[in-house]
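J.: In this text, residue positions in the sequence shown follow the working numbering: the first is 145, and each later residue adds one.
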Amino acid sequence: MSRTYDIVIIGSGIAGSISAAILAKHGLKTLILDAGQHPRFSIGEAMTPESGLLLRLLAQRFGIPELAFIASPEQIVRHIGSSACGIKLAFSFAWHAAGVDSAAEHVVAPPLDAPEAHLYRQDIDFYALLLALQHGANARHHTRIEGFEFLPEGVAIRLADGESLQARYVIDAAAQGSPLARQLGVRTTDGLATHTCSFFTHMLNVKAYEEVASNTDQSPIPLFQSTLHHIFEEGWLWIIPFDNHSESTNRLCSVGFQYNCLKYQPSGTPEQEFSRLLDRYPSIARHFTEARVARDWVHAPRLNYRSRTILGERFCLLAQAAGFIDPLFSRGLITTFESILRLMPRLIDAVRQDHWQLDRFASVERHLRNAVAVNDRLVSCSYEAFRDFPLWNAWHRVWLSGSNLGGAYLGGLLQALRDGQSGSAFDAHLESARCPGHLSFDAPGYEDFFESACRVMDGVRQKRLSSADAISTLHRLLGQHAADLLPYDYANLDNRFLRKCRVQ
Numbered sequence: 145m146s147r148t149y150d151i152v153i154i155g156s157g158i159a160g161s162i163s164a165a166i167l168a169k170h171g172l173k174t175l176i177l178d179a180g181q182h183p184r185f186s187i188g189e190a191m192t193p194e195s196g197l198l199l200r201l202l203a204q205r206f207g208i209p210e211l212a213f214i215a216s217p218e219q220i221v222r223h224i225g226s227s228a229c230g231i232k233l234a235f236s237f238a239w240h241a242a243g244v245d246s247a248a249e250h251v252v253a254p255p256l257d258a259p260e261a262h263l264y265r266q267d268i269d270f271y272a273l274l275l276a277l278q279h280g281a282n283a284r285h286h287t288r289i290e291g292f293e294f295l296p297e298g299v300a301i302r303l304a305d306g307e308s309l310q311a312r313y314v315i316d317a318a319a320q321g322s323p324l325a326r327q328l329g330v331r332t333t334d335g336l337a338t339h340t341c342s343f344f345t346h347m348l349n350v351k352a353y354e355e356v357a358s359n360t361d362q363s364p365i366p367l368f369q370s371t372l373h374h375i376f377e378e379g380w381l382w383i384i385p386f387d388n389h390s391e392s393t394n395r396l397c398s399v400g401f402q403y404n405c406l407k408y409q410p411s412g413t414p415e416q417e418f419s420r421l422l423d424r425y426p427s428i429a430r431h432f433t434e435a436r437v438a439r440d441w442v443h444a445p446r447l448n449y450r451s452r453t454i455l456g457e458r459f460c461l462l463a464q465a466a467g468f469i470d471p472l473f474s475r476g477l478i479t480t481f482e483s484i485l486r487l488m489p490r491l492i493d494a495v496r497q498d499h500w501q502l503d504r505f506a507s508v509e510r511h512l513r514n515a516v517a518v519n520d521r522l523v524s525c526s527y528e529a530f531r532d533f534p535l536w537n538a539w540h541r542v543w544l545s546g547s548n549l550g551g552a553y554l555g556g557l558l559q560a561l562r563d564g565q566s567g568s569a570f571d572a573h574l575e576s577a578r579c580p581g582h583l584s585f586d587a588p589g590y591e592d593f594f595e596s597a598c599r600v601m602d603g604v605r606q607k608r609l610s611s612a613d614a615i616s617t618l619h620r621l622l623g624q625h626a627a628d629l630l631p632y633d634y635a636n637l638d639n640r641f642l643r644k645c646r647v648q
């Protein structure tokens, strides 16, 4: 096997494999290195409208239609397998107070315009790897990296077995395990407001929401076909089923819970902490009366990190190698796919022109830094809003209104590509977005509203504002910024199932 490559990618997960497929498709000699092998477990299982649109954009922009299959539950079942996904018709959030049953009125569940997928990542990531191999990339698993040496002509990669590889450029897509970030010593939690830990696994026999709750007929969609978030003052728990549609042959359900470590510091084993949570919240416990753990719990003592350095003249820390905040709102895949969409054209041109100056990649770094900072702001404020349902009911509209603007912007980009826009014109269009890494992509008026709303939550955190005062202020801001938002009646706090319909 060759020891010299245009691009070496660290990590054969979804980020590294999609990047490799694109680069190989466009003629670059590409190698993936990974210390592990497939199949394997990964979080980041819930798709969103934005992540689905970004996959379709990647497929259209780079001429790999198979990438778009991952964006559709129907296409996943048809082309990848009946075990590879569950279905998602909504985001749903059920609020709980300790020691009492939850109330049906304490649920918000924004329905989606079209079905999204719950990704069974071991199948999806392997599918992405096979796409990369199909388009000409090479891959080596069980391969540990000893270190990197940066040279004028590229990067020398020393492997643990003594072998050395040469690359003109390195993409580290190994997420929290990034060997390049470790060598550079760039990881930090400084400046982050979010301080959360996580416990997660896959289970069998998790009961559907409709089996354990009363008065579920208020929701316009069945909540067992949603990404279900149980929220409570000190954190939240996800339920992401893969067995919630008629064509599924996967009996598993993803379960994970996060704590705000500024409010509660877990000290027990994962099993002990899970038992404690169920004892405290009886309505959540009813999901698990017959459940069995299908794999060992994973415990991440702190989820949140960023990187002081993201790009150099011959490397990029891609997506979650650059930083990660929390799985809330499923923004990890959005950042991953957008960073690939921004990096690939610049990298392909850099190889062809042998031009590696950092200014070529400046917008990629700006996007990644913004994405980490904005998600930190969004998530830390959301954890504050978990303290009571009325506050959450008001606050979640700040996220939802930005998410809808982001989806509308990406939909416009996709339509332009489908109408024949050239790749270079598309790249320039994306480059011109005024809010890279932000929820809206290109709506400064919304971003002003977002920051104003976050300052309200800062007041709650600092005990300068009561929940009632915060709700009143958020409601006023929603009304004042109505012209900056899509006309979906966000200021109507009585509507807990916001539909995408125009306000008359």
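For every residue, glycine included, the Cβ atom is placed at its ideal position computed from N, Cα and C.
Look at the alpha carbon of R496 and the alpha carbon of V152, and state the distance between them as a whole number of angstroms.
T.: On the sequence shown, residue 496 is found 352 positions in, with the first residue counted as 1. On the sequence shown, residue 152 is found 8 positions in, with the first residue counted as 1. Between R496 and V152, the C-alpha separation is close to 16 Å.
J.: Leaving aside the five residues before and after Y590 along the sequence, list all residues of the same chain whose C-beta is less than 6 Å from its C-beta, in chain order.
T.: Mapped onto the sequence shown, residue 590 falls at position 446. Cβ neighbours of Y590 beyond the five flanking positions: G546, L549, S584 and D628.
J.: Give the secondary structure of Q320 by DSSP, where H, G and I count as helix, E and B as strand, and everything else as coil.
T.: By 1-based counting over the sequence shown, the position of residue 320 is 176. DSSP places Q320 in helix when its eight states are reduced to three.
J.: For V314 and V299, which I take to be in contact (beta-carbon distance under 8 Å), what is that distance rounded to the nearest angstrom?
T.: On the sequence shown, position 170 is the one that residue 314 refers to. On the sequence shown, position 155 is the one that residue 299 refers to. At roughly 5 Å, the Cβ-Cβ gap stays under 8 Å, so V314 and V299 are in contact.
J.: Ends of the beta strand (DSSP E) at I375?
T.: Counting from 1 along the sequence shown, the entry for residue 375 is found at position 231. Segment T371 to F376, the beta strand (DSSP E) holding I375.
J.: CB A318 to CB A168, shorter than 9 Å?
T.: As a first step, residue 318 is located in the sequence shown; it is residue number 174 there, counting from the start. As a first step, residue 168 is located in the sequence shown; it is residue number 24 there, counting from the start. No; because the gap between Cβ atoms is not below 9 Å, this pair is not in contact.
J.: DSSP state of K644, grouped into three classes?
T.: The sequence position of residue 644 within the sequence shown is 500, counting from 1. Residue placement at K644 is poorly supported in this model, since its pLDDT is 46, which falls under 50; the coordinates are not used for a value here.
J.: Of all the alpha helix (DSSP H) runs that stay within the bounds of the segment 328 to 401, which reach a length of 4 or more residues?
T.: Complete alpha helix (DSSP H) runs here, min 4: 353 to 356.
J.: Going by CA-CA distance only, name the one from R265, P193 and Q204 that's closest to A228.
T.: Along the sequence shown, read from residue 1 onward, the residue named residue 228 stands at position 84. Ranking the options by Cα distance to A228, first place goes to R265.
J.: Any idea what DSSP makes of R450, helix, strand or coil?
T.: Walking along the sequence shown from the start, residue 450 turns up at place 306. If DSSP states are grouped into helix, strand and coil, R450 belongs with the strands.
J.: Can you tell which of Y527, H374, P364 and P323 has the C-alpha that lies nearest to the C-alpha of C405?
T.: Taking the sequence shown and counting its residues from 1, one reaches residue 405 at position 261. Out of Y527, H374, P364 and P323, Y527 has the C-alpha closest to the C-alpha of C405.
J.: Alpha helix (DSSP H) containing F206: first to last residue?
T.: Indexing the sequence shown from 1 puts residue 206 at position 62. From DSSP, the alpha helix (DSSP H) with F206 extends over P193 to F206.
J.: Locate the beta strand (DSSP E) running through N282, then write down its first and last residues.
T.: Translated into positions along the sequence shown, residue 282 becomes position 138. Taken as a continuous stretch (DSSP letters only), the beta strand (DSSP E) holding N282 covers N282 to R284.
J.: If you draw a straight line from the alpha carbon of H443 to that of I478, how long is it in whole angstroms?
T.: Residue 443 sits at position 299 when you count from the first residue of the sequence shown. Residue 478 sits at position 334 when you count from the first residue of the sequence shown. For H443 and I478, the distance between alpha carbons rounds to 24 Å.
J.: With T174 as the anchor, note down where its beta strand (DSSP E) starts and where it stops.
T.: Numbered from its first residue, the sequence shown carries residue 174 at position 30. Per DSSP, T174 belongs to the beta strand (DSSP E) from T174 to L177.
J.: For the alpha helix (DSSP H) containing L622, name the first residue and the last one.
T.: Position 478 of the sequence shown, counting from 1, holds the residue named residue 622. S611 to Q624 is the span of the alpha helix (DSSP H), which, as asked, contains L622.
J.: Does the pairing of the segment 361 to 375 with the segment 240 to 255 give three or more beta-carbon distances under 8 Å?
T.: Because the criterion of three Cβ pairs below 8 Å is met, the segment 361 to 375 and the segment 240 to 255 touch.
J.: Return the chain-ordered list of same chain residues with a C-beta closer than 7 Å to the C-beta of H540, the five sequence neighbours on each side being excluded.
T.: By 1-based counting over the sequence shown, the position of residue 540 is 396. Same-chain partners within the cutoff: F237 and V252.
J.: Given a threshold of 16 other Cβ atoms within 10 Å of its Cβ, counted over all protein chains shown, does T345 qualify as buried or as exposed?
T.: By 1-based counting over the sequence shown, the position of residue 345 is 201. The residue is buried, with at least 16 neighbouring Cβ atoms inside 10 Å.
J.: Measure the C-alpha to C-alpha separation of G230 and S163 and round it to an integer number of angstroms.
T.: Indexing the sequence shown from 1 puts residue 230 at position 86. Indexing the sequence shown from 1 puts residue 163 at position 19. C-alpha separation (whole angstroms): 25 Å.
J.: What residue range does the beta strand (DSSP E) around P209 cover?
T.: Indexing the sequence shown from 1 puts residue 209 at position 65. P209 -> no beta strand (DSSP E), and no H or E assigned at all.
J.: With distances taken Cα to Cα, identify the nearest neighbour of F235 among W543, G623, Q624 and S427.
T.: For the purposes of this step, residue 235 is taken as the residue at position 91 of the sequence shown. It is W543 whose Cα lies nearest to the Cα of F235.
J.: For a quick check, are the C-beta atoms of H625 and D592 less than 9 Å apart?
T.: For the purposes of this step, residue 625 is taken as residue 481 along the sequence shown, with counting starting at 1. For the purposes of this step, residue 592 is taken as residue 448 along the sequence shown, with counting starting at 1. Their beta carbons are under 9 Å apart, which means H625 touches D592 by this criterion.
J.: Work out the CA separation of G476 and W536 for me, nearest whole Å.
T.: Numbered from its first residue, the sequence shown carries residue 536 at position 392. Numbered from its first residue, the sequence shown carries residue 476 at position 332. If you take the alpha carbons of W536 and G476, they lie about 22 Å apart.
J.: For the alpha helix (DSSP H) that contains K169, what are its first and last residues?
T.: Counting from 1 along the sequence shown, the entry for residue 169 is found at position 25. Looking at the DSSP string, the run of the alpha helix (DSSP H) that includes K169 is I158 to K169.
J.: Does DSSP put F530 in a helix, in a strand, or in coil?
T.: Counting from one through the sequence shown, the residue named residue 530 turns up at place 386. Coil.
J.: Do three or more CB pairs link the segment 341 to 358 to the segment 394 to 408 at distances below 8 Å?
T.: The segment 341 to 358, when compared against the segment 394 to 408, does touch it at the 8 Å Cβ threshold.
J.: Between the Cα of G306 and those of S322, L485, L295 and T287, spot the shortest distance and give me the residue it belongs to.
T.: As a first step, residue 306 is located in the sequence shown; it is residue number 162 there, counting from the start. Among S322, L485, L295 and T287, the Cα nearest to that of G306 is on T287.
J.: Of all the options H511, A517 and R608, which has the alpha carbon lying nearest to the alpha carbon of A577?
T.: Mapped onto the sequence shown, residue 577 falls at position 433. Ranking H511, A517 and R608 by Cα distance to A577 puts H511 first.
J.: Please report how far the alpha carbon of R222 lies from the alpha carbon of I383, in whole angstroms.
T.: As a working mapping, residue 222 is identified with position 78 in the sequence shown. As a working mapping, residue 383 is identified with position 239 in the sequence shown. Whole-angstrom Cα-Cα distance: 24 Å.
J.: Count Cβ pairs between the segment 416 to 424 and the segment 322 to 337 that sit closer than 8 Å; are there 3 or more?
T.: Short answer: they don't touch.
J.: For P471, name the three-state secondary structure that DSSP assigns.
T.: Start at 1 with the first residue of the sequence shown, and residue 471 comes out as number 327. Residue state, collapsed to three classes: coil.
J.: Can you say whether L295 is buried or exposed, counting buried as having 16 or more other CB atoms within 10 angstroms of its CB?
T.: By one-based count along the sequence shown, residue 295 stands at place 151. Label assigned to L295: exposed.
J.: Since K273 and H182 are thought to touch, with beta carbons under 8 Å apart, how far apart are those beta carbons, to the nearest angstrom?
T.: Looking up residue 273 in the sequence shown gives position 129. Looking up residue 182 in the sequence shown gives position 38. Note on residue identity: the sequence assigns Leu, not Lys, to residue 273. 6 Å between Cβ atoms; contact.
J.: Between D269 and G225, is the Cβ-Cβ spacing less than 9 Å?
T.: Position 125 of the sequence shown, counted from the first residue, corresponds to residue 269. Position 81 of the sequence shown, counted from the first residue, corresponds to residue 225. In this structure, G225 does not lie closer than 9 Å to D269 by Cβ.
J.: Quick test of your reading: A144 and I176, contact by CB under 8 Å. State the CB separation rounded to the nearest angstrom.
T.: Since the displayed the chain opens at 145 and closes at 648, residue 144 lies outside it and no answer follows.
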